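Each residue of the first sequence is one higher than the last, beginning at 71 in the working numbering.
A virtual CB, placed ideally from N, CA and C, is assigned to each residue, including glycine.
Being a predicted model, the structure only gives us computed values, none of them experimental.
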Amino acid sequence: MRMNSHDVGLNPGELYEVSDIIKKLGANFVGIVTNGLLYLPGERVALGDTVEGITADEALDILRHSTAHLMAHAVKSLIRDAKLGIGPAIENGFYYDIYTKEKITEDTLQLVEGKMRELAEARLPVQRQVLSKDAAIELFSSLGETFKLELIDDIEGDEVSVYRQGDFVDLCRGPHVSNTAHIKHFKLLSISGAYWRGDENREQLTRIYGTAFWTDEDLREYLHNLEEAEKRDHRKIGRQLDLFSINEDIGPGLILWHPNGAIIRKEIEDYWRNVHLEKGYQFVYSPHVARTRLWEISGHLGFYKENMYPPMELENQTYLVKPMNCPFHVQIYKAKTRSYRELPLRFAELGTVYRFERSGVLHGLLRVRGFTQDDAHVFCTREQVEDEVTDIMELALDMYRLFGFENLKIELSVRDPMNKDKYVGEDDVWELAEKALENALKRAGKEYVVAEGEAKFYGPAIDIKVRDAIGRYWQGPTIQVDFNLPRRFGMKYTGKDGREHEPVMIHRALLGSLERFFALLIEQYSGWFPLWIAPEQIRIIPITEEQLGYAQEVADKLREFRIRMDDDTGSKLGYRIRQAQMDKVPYVLVIGAREVQEGLVAVRHGVKGDLGKMGVEELAKMLREEIRQRAHL
RNA sequence: GCCGGCGUAGCUCAACCGGCAGAGCAGCUGACUUGUAAUCAGCAGGUUUGGGGUUCGAGUCCCCACGCCGGCUCCA
């Protein structure tokens, strides 16, 4: 929080040692900002009229923001016609969007990084300057910085601030480090295109990503973590463990589930079905295609066409492959007259849908073109909506907790108020739906953010996002309140009053899609699946041929588990243990002469290592309990 | 779709300035009969993603297509 210097007993204009100022501010600050610049303990500073204590996180953001400036400075000194877009600090670093006529490639990054080091070593003081908008417009016009002019236009008030270092000047709110010499430990990481102001109809700038830290240690640790995260990548583990594949001749974004992956999917589906039965859902099945007419009524042809595959024509009728399951469930509802006594009616289906996704967005199992949603539609009265939404949210969170997911972000996805023609339905109905979701969130007491423009075309939603191995968030659970489709389809139920009423429809998916969920699960466990879903639960390793008979007896007793007999007795034990480890088998039973003699098995846990010897019954009991609890390894 | 990068054996990767496509692992065969993360030997495996071009000669240079990777836009 920014304070008046006087108020904390300090005199503006006077020279202070930074740590003395921090003492006055009395908190866990690592530095201070005054005159728009960051100062750290050990520095002497002429205090400005205001002073602000800075936490470690804030200081790191400032450093990264300043590193972005340094990078822009370097690019501009190397490429004369470069024009700057924006260059903020982000979660793990920073980026700067820069427009150049000649293309920037990864080779350019080396040059830029070199130039940055040069400019940092030049120990350039950084200065903040406040300009009138007119002066700023003149300044940036003379520099040809057309994007900055657009930004100035959008800034409220009459004044803007700029930061200078050497011959470089940038429009910026700040704050920044006080000297480029503070910027020592940084690295430029990648390069990509980014549309100016996120609008694909505008210019595409080059976005350069990088990161910066206060110490070399922190930088190395971060880079090391990046490498570690790559090892958890579901595409890599998927191949190693033979879980799934994507085949070019079949098509991009279309998934082959191999036996190992299919077992995991089957276990998850079984669990999912049981939970849904307990929670009062009924299962339905629906076809993969439907006549054009259905999609006209639902509004998909108007609002979702971009994502649908082109129609196929047969016997003078056109059919479309389904991108969603909802219209089918609606028709099941409409197959007979419904009474209020039946509501809420909950139809669930593991429904496979196909959506045309633009080629550049496909990503392993996380973004595909054909996928199976764990879909359900709840039809209920207006009064029941909040309870239903609350229950669904609880169920979703429980399910994710079971699989060990901690990093969830809850969003309330509402319409983009500037773009209402992207959605079907009347304002009052949308407001009702948004209100219902908001109330449910408040009742659940969960923290959430409002995401404008993220609503589906037929209604607002609670969207829950899950983190992948490298920190990207993907949508998992979604709960959507929809007053629109019931109206379009003319859905009805007979109320207590004997009259017809319109039900409300809630669309929901918990896991999201099995493909995406599987990807997140692989990365969550880095392939070490809990016993209950592990494709191979036990591997038996008889040391020599001598023990094959006894090993087979053990295997027979453990037939309830997914088990593999490793009878490659020609290889050394160490080698075979290593194979089991790489296959990420939860339990390995080593059987040698001693085990046969004692009538025991030597148990090795994939993560915990050697557990010693035990009897087969004792082991089976332990494993059954582990499966019952669906415990993590 | 857009920007940048990449595509060599099932996997991971070599191949100098354009000059005979190569290794480890996996697979197969055989020897070894083994005590908690790699025993040894042999064999087999390739239209260098596909198509066109330049060249005496292309994995290497150019063009097109396809696919993949990191982003942007878009979305479970």
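Cα atoms of L659 and L601: separation of roughly 15 Å, rounded to the nearest angstrom.
When the five nearest sequence neighbours on each side are left out, the beta carbons in the same chain lying within less than 7 Å of the beta carbon of I207 are those of L219 and I222, in order along the chain. Annotated as distal: G112 and A129, with beta-carbon spacing of 7 Å or more. A distance below 6 Å between beta-carbons, with the five flanking residues on each side excluded, links I91 to the following residues of its chain, in chain order: I102. When secondary structure is reduced to three states using DSSP, E122 falls in the strand class. Cβ-Cβ distances below 6 Å link F210 to K218 and L219 in the same chain, with the five nearest sequence neighbours on each side left out; the list follows chain order. Excluding five sequence positions before and after R632, the CB atoms of its chain that fall closer than 8 Å to its own CB belong to I333, A604, P605, E606, Q607 and I608, given in chain order. A Cβ-Cβ distance of about 11 Å is found for the pair I174 and D167, leaving them out of contact under the 8 Å criterion. In this structure, the beta-carbon distance from C396 to H246 does not fall below 7 Å. Just so you know, the alpha carbons of G685 and L472 end up roughly 30 Å apart.
Going by DSSP, K691 is part of the alpha helix (DSSP H) stretching over V686 to R698. Judged by DSSP secondary structure, L259 falls within the beta strand (DSSP E) whose first and last residues are H255 to Y265. Take the alpha-carbon of G430 and the one of H358: they are about 25 Å apart. If you draw a 10 Å sphere on the C-beta of L347, you find fewer than 16 other C-beta atoms in it, and that means exposed.
Short of 8 Å from the beta carbon of R361, and not among the five residues preceding or following it, lie these beta carbons of its own chain, in chain order: Q387, T388, Y389 and L390. DSSP places C242 in no alpha helix (DSSP H); its state is neither H nor E.
DSSP lists V660 and K683 as the bridge partner or partners of A672. Annotated as proximal: A589 and L435, with beta-carbon spacing under 7 Å.
For Y389, the enclosing beta strand (DSSP E) begins and ends at Q387 to V391.
Three or more Cβ pairs closer than 8 Å define a contact, and the region 613 to 631 falls short of that threshold against the region 342 to 356. At a Cβ-Cβ threshold of 7 Å, T104 and G118 count as neighbours. Under the DSSP assignment, E383 falls in the beta strand (DSSP E) whose first and last residues are M382 to L384. Every beta strand (DSSP E) stretch that sits fully inside the region 599 to 632 and reaches 3 residues is listed by chain position as 608 to 612.
By the Cβ criterion, the region 278 to 290 is in contact with the region 123 to 141, since at least three pairs of Cβ atoms, one from each stretch, lie closer than 8 Å.
Under the three-state reduction of DSSP, Y351 is assigned to coil, being neither helix nor strand.
Under the DSSP assignment, H447 falls in the beta strand (DSSP E) whose first and last residues are G440 to C450.
Beta-bridge analysis with DSSP links I532 to L482 and I549. With respect to the 7 Å criterion, A514 and M561 are not classified as neighbours on the basis of their beta carbons. DSSP lists I168 as the beta-bridge partner residues of L154.
A straight-line Cα-Cα distance of about 50 Å links K642 and I160.
Measuring C-alpha to C-alpha distances from E616 to each of Y595, G662, R648 and L311 identifies G662 as the nearest.
Taking a contact as a CB-CB distance under 8 Å, the pair A510 and G529 does not count as one, their CB atoms being some 14 Å apart.
No residue range can be given for V655, since it is assigned to no alpha helix (DSSP H) and is classified by DSSP as neither H nor E.
Using a 10 angstroms sphere on the CB of H135, the tally of other CB atoms reaches 16 or more, which defines it as buried. Partner residues in the beta bridge of I576, as assigned by DSSP, are V448 and V551. In the DSSP assignment, Q310 falls within the unbroken alpha helix (DSSP H) covering H304 to Q310.
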